[in-house]
Amino acid sequence: MISPLASIHPDAKLGNDVTIEPFAVIHHNVTVGDGSHIMSHAVIMPYSRIGKGCRIFPGAVIGAIPQDLKFVGEETTAEIGDYTTIREYVTVNRGTKDKFKTVVGSHCLLMAYAHVAHDCTLGDHVILANAVQLAGHVDVGDYAIIGGLAGAHQFTRIGAHTYIAGHTVIRKDVPPYVKAAREPMSYMGLNAVGLQRRNFSQEKIDTIAQIYHLLFVNSNSIAGGIEKIKDKVPDSETKQEILQFIASSKTGVIKRNAKFGVDED
1 MISPLASIHP DAKLGNDVTI EPFAVIHHNV TVGDGSHIMS HAVIMPYSRI
51 GKGCRIFPGA VIGAIPQDLK FVGEETTAEI GDYTTIREYV TVNRGTKDKF
101 KTVVGSHCLL MAYAHVAHDC TLGDHVILAN AVQLAGHVDV GDYAIIGGLA
151 GAHQFTRIGA HTYIAGHTVI RKDVPPYVKA AREPMSYMGL NAVGLQRRNF
201 SQEKIDTIAQ IYHLLFVNSN SIAGGIEKIK DKVPDSETKQ EILQFIASSK
251 TGVIKRNAKF GVDED
């Protein structure tokens, strides 16, 4: 159902069975996939690409130009994957010439007042709780969960299957499969509950736990921990994934806060 009270540019491309409620605004050069639902007072700006089965709640703004003084009007996009839910007053900005797009994956949930800045890339099944703020160029891996009111600094990376506590300031990279919290943000143990819910084998969970114990608990430095991992942990895709994440970090990765200890669950 498309309400006659919605404002839809004639150049917008709408899929089958799309619902557009009264007072929603769809600008030019926008695509909306089959079965998506755009609610009242949501605004879909030019160069936005909305997947199928999405729900975009009142007050959300998708595809506004970047809040970046270096942006000079280049043609960039904001892309939302399939079956993603965008709650009230969420903002997702277009990219800049760095990546030319901002991407939110499929099956994601962005809760009210979250902000995804230019050139961010979110994987699939990501959850941003209320008022999470991602600065530009932030990468978030699949199944990551970020608690309410947390904020990520530019160019930081948040690995897949991580759990980050609310109110946390994310200044450094968070490697995959871990929990992070406190100020400064610190390693708080393995996200074991999340991995079990996603049917990781116990063998794989044990390998991940061994890697992070060597990295954060049995070593005084990241470099020393990496050497222990290379020496003591059998080669596997999981080992290579974690080591590659750390090796490619430009901001540095979080550390264990020895003052508070660590939860090994």
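Sequential numbering of the sequence shown, starting at 1, is according to the numbering used here.
Glycine included, C-beta positions come from ideal geometry on N, C-alpha and C.
Note that this is a predicted model, so its numbers are computed, not measured.
> Can the beta-carbon of GLU74 be found less than 7 Å from the beta-carbon of LYS101?
Replying inline: Along the sequence shown, read from residue 1 onward, the residue named residue 74 stands at position 74. Along the sequence shown, read from residue 1 onward, the residue named residue 101 stands at position 101. Taking 7 Å as the Cβ cut-off, GLU74 and LYS101 do not qualify as a contacting pair.
>> Using a Cβ distance threshold of 8 Å, determine whether the segment 56-69 contacts the segment 28-43, with at least three qualifying pairs required.
In response: Judged by Cβ distances under 8 Å, the segment 56-69 makes contact with the segment 28-43, as three or more pairs qualify.
>> Rounded to the nearest angstrom, what separates ASN130 and ILE20 at their Cα positions?
In response: Taking the first residue of the sequence shown as position 1, residue 130 is located at position 130. Taking the first residue of the sequence shown as position 1, residue 20 is located at position 20. Looking at the two C-alpha atoms, the distance is approximately 24 Å.
>> With a threshold of 7 Å on Cβ separation, who are the neighbours of LEU195 within its own chain once the five nearest residues in sequence on each side are excluded?
In response: The residue given as residue 195 occupies position 195 in the sequence shown. These residues qualify, in order along the chain: HIS161, TYR177, ILE205.
> What span of residues does the alpha helix (DSSP H) with ILE50 cover, start to end?
Replying inline: The count along the sequence shown starts at 1 and reaches residue 50 at position 50. Here ILE50 belongs to no alpha helix (DSSP H); instead the beta strand (DSSP E) covers 48-50.
>> Residues in the same chain with beta-carbon distance under 6 Å from SER249, minus the five sequence neighbours each way, listed in chain order, please.
In response: The residue given as residue 249 occupies position 249 in the sequence shown. Correct list, in chain order: ASP173.
> Are three or more beta carbon pairs between the segment 137-156 and the segment 219-233 nearer than 8 Å?
Replying inline: no
>> Buried or exposed, going by whether 16 or more other CB atoms sit within 10 Å of the CB of ALA16?
In response: Here residue 16 is taken as the residue at index 16 of the sequence shown, counted from 1. The sequence shown places Asn at residue 16, rather than the Ala named in the question. The residue is exposed, with fewer than 16 neighbouring Cβ atoms inside 10 Å.
>> With distance defined between alpha-carbon atoms, name the residue in VAL72, SER7, HIS41, LYS13 nearest to LYS52.
In response: Within the sequence shown, numbered from 1, the residue matching residue 52 stands at position 52. Nearest of VAL72, SER7, HIS41, LYS13 to LYS52, Cα basis: LYS13.
> Exposed or buried, what is ARG49 when buried is set at 16 or more other beta-carbons lying within 10 Å of its beta-carbon?
Replying inline: Counting from 1 along the sequence shown, the entry for residue 49 is found at position 49. ARG49 should be labelled buried.
>> So, at 6 Å on beta carbons, what are the nonlocal neighbours of ILE146 in its own chain, with the 5 sequence-adjacent residues on each side left out?
In response: Position 146 of the sequence shown, counted from the first residue, corresponds to residue 146. Only LEU128, VAL132, ILE164 meet the Cβ criterion.
> Do ARG87 and SER186 come within 7 Å of each other at the CB atom, strictly closer than that value?
Replying inline: Position 186 of the sequence shown, counted from the start, is the residue given in the question as residue 186. Position 87 of the sequence shown, counted from the start, is the residue given in the question as residue 87. Contact: no.
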